[in-house]
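Residue numbers (this note's numbering), protein chains in the order written: chain W, -19 to 175; chain Z, -19 to 175.
Every residue, glycine too, gets a C-beta built ideally from N, C-alpha and C.
Quick notes on the structure that follows.
Number of protein chains: 2
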Amino acid sequence: MTPSSANAATGTPPGHRQRRHDPDRRERLIDVALAVIAEHGVAGTSHRRVAAAAEVPLGSMTYHFAGMDELLEAAFTRLAEHAADAFDQAMMQARTPVEAVEAIVGLITGTVLNRREAMVATYELYSLAARRPEIRTITNAWMARSRRALERHFEPDTALMLDALIEGLTIHRALSLKPMPVSTVREAVQRIVAS
Amino acid sequence: MTPSSANAATGTPPGHRQRRHDPDRRERLIDVALAVIAEHGVAGTSHRRVAAAAEVPLGSMTYHFAGMDELLEAAFTRLAEHAADAFDQAMMQARTPVEAVEAIVGLITGTVLNRREAMVATYELYSLAARRPEIRTITNAWMARSRRALERHFEPDTALMLDALIEGLTIHRALSLKPMPVSTVREAVQRIVAS
DNA sequence: CACCCATAGGTACGGCCGTACACATGTAAT
DNA sequence: ATTACATGTGTACGGCCGTACCTATGGGTG
């Protein structure tokens, strides 16, 4: 479907996009911003690049976001919420600690999403959070949700250690580009869980 | 009378640095660049900012570094080497696995690995590495050295898991800003090394 | 229908950026 | 002492940036 389909009577003027009345443009811009961050880092993210990637005029950026900070905050909030949602769901589907262990192993070793994209954005988020308190509310909420999800199956201290192990193994996998051996990961998780 | 002749006898003229012949300027610039990255992120790092922080003229940047990429690469290489040196040394000083465990606990809960400056730069490095293969050689070398250091005391698989746990716990500590309880950390490390 | 204003679109301005480059100067070799 | 070269310094240029601001438009409401 082309942009001109809605334009039944008059025909499409040459070179003129027909995007008037685009109700979830702001939502779409946040998603596109996240993709741009993943590809170019925060350092390479600009209003112009996001606008171009979303096929939207530059002015739309300043209309929907008060400034660069608001755009970044919205994008990273979405990243954290999506990741926490996925983790929550995995933990909720597990009915026993044994199933939870298997779910965790699957998350670490599996290829749930384009690992690369999410990882780049995640590290950018950590770096920003370490520097700016208002961003830290995002990471704090994310960490709290992860721990709560784990505490459905494990003791608080165990949940904390598991969370750290997951984080570390994910980093190793992302940076080494090699798949983590399932047996090794399962062994590690089981050692932490064993009490 | 030229400004330089005026100060011949008196020493430092007002407003004029006497920095000609500064043999380790390049080394100093790398350190300063790392500090700037830690404070402003890669996104906020520029030749001008580094030059100002090092009290060096802008032209000195392009003289000592072929471009921004070379500066970043040099800075992150230094970061990785310093961190790996510290970890190596801690592992070498431990004579038994038990001492090694205590050394690891000390690193995680202590102040050595957790300088905010180092953490911010580390996440920026990870993000860059996930995006650019030539930067990944830095992280690969770092990871390899860490694992080799751990393998002085533990089995390869155990070393891998320990490395991941250390990474994850360090992140947690850095983002939560709260000190990690020593007993919890020791418990986690001991569970991983227990065979 | 007529109106209004939330949304869309275009453009200009001042600023910081990387980089190039011409020039200055100190050092070491002859 | 002269020279050659490595290093240091200042400045200018073109480009991308965030943002402000003005205009256009069309959907919902009376």
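Within-7 Å CB hit, residue i to chain W
| i | result |
| --- | --- |
| V78/Z | no |
| S107/Z | yes |
| R171/Z | yes |
| M99/Z | yes |
| R0/Z | no |
| P159/Z | no |
Terminal residues of the alpha helix (DSSP H) in which residue i lies
| i | result |
| --- | --- |
| T42/W | 39 to 44 |
| V173/Z | 162 to 173 |
| A74/W | A74/W -> no alpha helix (DSSP H), and no H or E assigned at all. |
| L142/Z | 136 to 156 |
| H20/Z | 5 to 20 |
| H133/Z | From DSSP, H133/Z is part of no alpha helix (DSSP H); its letter is neither H nor E. |
| E104/Z | 96 to 111 |
| A183/Z | Shown here, chain Z extends from -19 to 175; a query on residue 183/Z therefore has no answer. |
Beta-carbon separation (whole angstroms), residue i vs residue j, contact threshold 8 Å
| i | j | result |
| --- | --- | --- |
| L9/Z | A34/Z | 6 Å |
| A144/Z | A110/W | Their Cβ separation, rounded to whole angstroms, is 20 Å, which puts A144/Z and A110/W out of contact at 8 Å. |
| A74/Z | H133/Z | 7 Å |
| I118/Z | L105/Z | 7 Å |
| V169/W | I115/W | Contact doesn't hold; Cβ gap of about 30 Å is too wide. |
| H27/Z | L38/Z | 6 Å |
| R171/W | R171/Z | 5 Å |
| Y192/W | Y103/Z | The structure shown does not extend to residue 192/W, since chain W is modelled only from -19 to 175, so the question has no answer here. |
Interface partners of residue i on chain W, CB under 8 Å
| i | result |
| --- | --- |
| T164/Z | D137, L140, M141 |
| G21/Z | V22, A23, S107, L108, R111 |
Cβ pair residue i, residue j closer than 7 Å
| i | j | result |
| --- | --- | --- |
| A55/Z | L108/Z | no |
| A18/W | E97/W | yes |
| V173/W | V81/W | yes |
| A31/Z | M41/Z | yes |
| S126/Z | F67/Z | yes |
| R29/W | V12/W | no |
| V22/W | A23/Z | yes |
| A70/Z | W122/Z | no |
| L149/Z | L130/Z | no |
| D137/W | T164/Z | yes |
7 Å Cβ cutoff, residue i in contact with chain Z
| i | result |
| --- | --- |
| H62/W | no |
| Y103/W | yes |
| A15/W | no |
| G47/W | no |
| A33/W | no |
| E114/W | no |
Residue i: contacting residues in chain Z (beta-carbon distance under 8 Å)
| i | result |
| --- | --- |
| E50/W | Residues of chain Z passing the Cβ test: none, with the nearest at roughly 16 Å. |
| S156/W | N120, M123 |
| R132/W | Within 8 Å Cβ-Cβ: nothing; R132/W doesn't reach chain Z, min ~19 Å. |
Under 9 Å by beta carbon: chain W residues contacting residue i
| i | result |
| --- | --- |
| H152/Z | M123, L140, D143, A144, E147 |
| R28/Z | Within 9 Å Cβ-Cβ: nothing; R28/Z doesn't reach chain W, min ~15 Å. |
Partner residues on chain W for residue i, Cβ-Cβ distance less than 7 Å
| i | result |
| --- | --- |
| A129/Z | Those within 7 Å of A129/Z in chain W number zero; the least Cβ separation is about 15 Å. |
| A168/Z | M141, I172 |
Contacts that residue i makes with chain Z (C-beta to C-beta distance below 9 Å)
| i | result |
| --- | --- |
| R96/W | A110, R111 |
| R58/W | What R58/W touches in chain Z: nothing, since even the nearest Cβ is about 18 Å away. |
Contact list for residue i against chain Z, beta-carbon separation under 7 Å
| i | result |
| --- | --- |
| R5/W | Going along chain Z, no residue has its Cβ under 7 Å from R5/W, so there is no contact; the nearest lies around 25 Å. |
Any non-hydrogen atom of the ligand MN within 6 Å of residue i CB
| i | result |
| --- | --- |
| A121/W | The ligand MN is not part of this structure, which contains no ligands at all. |
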